[in-house]
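*Asks:* Submitted below is the structure of interest, expressed as structure tokens.
Here it is, written out as structure tokens:
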């Protein structure tokens, strides 16, 4: 079982807003970085502090020196909370960020006052996906970060987004290219070996919002619905025409759902 600890790794982060309420800390998807949360940082910071860090090797954060597991990334989150002297947060994660959020729930639940789980899933990779991640990591190591938009774009964004929002397609491509090959390879390995979090769902005791995309081919509405059903008292929102990056594909719908959730905490 992966274990999180404050490992003293430097993490670059974006933040905006202030207020007495627990901050909203957002963990990004693979293979993006904290820049993917610009719509949330701008849209949700009127009365609450919003923080979005880059995982090691992504965005502005230095790369990790070794092959991490999800506990390593959770330890980075714990370390950031310690350095910022934040006792508790509402923790949000998209995709890979959700995998790390599950580990945070297992490791330091006392520091989490609410959860937003978006476009993620609790089960581990199938053998087919494990093989795909290994091949992807080898290709990134060999050819560089430039291959990732080509490999990932069709799975990240819905057909509607790809056909009608060329600006967002280019934005996602640009964000991916800001990251390091080493960071991407390390994250692929961590996701490939992540533990099964299904049993963790029933242990979640804080208010939880589950947000998915109607056209998400990675974390389908069926997967999201099953996950939400196993989290006591959770609420679920599905955004139409959104794929795996629902916070970018429908920022108004995403922000509206999160804002309502936060006001009721």
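Numbering (the working numbering), first residue to last: 1 to 265.
Where is the CB? At the ideal position from N, CA and C, for every residue including glycine.
Mapping DSSP to helix, strand and coil, what is residue 137?
*Replies:* Helix.
*Asks:* Please classify residue 26: does DSSP put it in a helix, a strand, or coil?
*Replies:* Of the three classes helix, strand and coil, the one that applies to residue 26 here is strand, per DSSP.
*Asks:* Using alpha carbons as the reference points, say which of 201, 193, 245 lies closest to residue 94.
*Replies:* Taking only the C-alpha atoms, the option nearest residue 94 is 245.
*Asks:* DSSP puts residue 48 in a beta bridge; with which residues?
*Replies:* In DSSP, residue 48 forms no bridge with anything.
*Asks:* With H, G and I counted as helix, E and B as strand and the rest as coil, what does DSSP make of residue 53?
*Replies:* The answer is strand: DSSP assigns residue 53 an E or B state.
*Asks:* From what residue to what residue does the beta strand (DSSP E) around residue 15 run?
*Replies:* 13-16 is the span of the beta strand (DSSP E), which, as asked, contains residue 15.
*Asks:* If I follow the unbroken beta strand (DSSP E) through residue 238, where does it start and stop?
*Replies:* Segment 235-239, the beta strand (DSSP E) holding residue 238.
*Asks:* Is the beta carbon of residue 125 closer than 9 Å to that of residue 49?
*Replies:* For residue 49 and residue 125, no; Cβs fall outside 9 Å.
*Asks:* Taking the Cβ atom as the reference point for each residue, do residue 37 and residue 187 lie within a distance shorter than 9 Å?
*Replies:* No, the Cβ-Cβ distance between residue 37 and residue 187 is not below 9 Å.
*Asks:* Determine which residues share a DSSP beta bridge with residue 117 and list them.
*Replies:* 93, 210.
*Asks:* Tell me the rounded alpha-carbon separation between residue 213 and residue 66.
*Replies:* Approximately 34 Å between the Cα atoms of the pair.
*Asks:* Taking residue 61 as the reference, which of 76, 100, 70, 47 has the closest Cα?
*Replies:* That would be 76, whose Cα lies nearest to the Cα of residue 61.
*Asks:* Sort 247, 251, 260 by Cα distance to residue 120 and report the nearest one.
*Replies:* Of the listed residues, the one whose Cα sits closest to residue 120 is 247.
*Asks:* Shortest alpha-carbon distance to residue 196 belongs to which of 218, 182, 102?
*Replies:* Considering only alpha carbons, the answer is 102.
*Asks:* Between 70, 22, 10, which lies nearest to residue 30 when the distance is taken from Cα to Cα?
*Replies:* When each option's Cα is compared against that of residue 30, the closest is 70.
*Asks:* Where does residue 239 land, buried or exposed, given buried means 16+ other C-beta within 10 angstroms?
*Replies:* Looking at its Cβ environment, which holds 16 or more other Cβ atoms inside 10 Å, residue 239 is buried.
*Asks:* Measure the beta-carbon distance from residue 236 to residue 228 and round it to whole angstroms, keeping in mind my assumption that it falls under 8 Å.
*Replies:* The pair is a contact, with the Cβ atoms about 4 Å apart (cut-off 8 Å).
*Asks:* Go ahead and label residue 3 buried or exposed: buried means 16 or more other beta carbons lie within 10 angstroms of its beta carbon, across all protein chains shown.
*Replies:* Residue placement at residue 3 cannot be trusted, given a pLDDT of 40 that sits under 50; the coordinates are not used to answer.
*Asks:* Could you tell me the alpha carbon to alpha carbon distance between residue 166 and residue 110, rounded to whole angstroms?
*Replies:* If I take the Cα positions, the gap works out to 42 Å.
*Asks:* Could you tell me the alpha carbon to alpha carbon distance between residue 176 and residue 17, rounded to whole angstroms?
*Replies:* Approximately 26 Å between the Cα atoms of the pair.
*Asks:* In angstroms, rounded to a whole number, what distance separates the CA positions of residue 199 and residue 174?
*Replies:* C-alpha separation (whole angstroms): 37 Å.
*Asks:* Nearest by alpha-carbon distance to residue 28: which of 85, 84, 92 is it?
*Replies:* Comparing Cα positions, the closest option is 92.
*Asks:* Can you tell me where the alpha helix (DSSP H) with residue 82 in it begins and where it stops?
*Replies:* Counting along the chain, the alpha helix (DSSP H) containing residue 82 begins and ends at 70-83.
*Asks:* So the alpha helix (DSSP H) residue 59 belongs to, where does it begin and stop?
*Replies:* First-last for residue 59: undefined, no H or E at that position.
*Asks:* Determine whether the beta carbon atoms of residue 179 and residue 145 lie at a separation below 9 Å.
*Replies:* In this structure, residue 145 lies closer than 9 Å to residue 179 by Cβ.
*Asks:* Given a cut-off of 9 Å, decide if residue 51 and residue 99 are closer than it, judged by their beta-carbon atoms.
*Replies:* Not a contact, by the Cβ cut-off of 9 Å.
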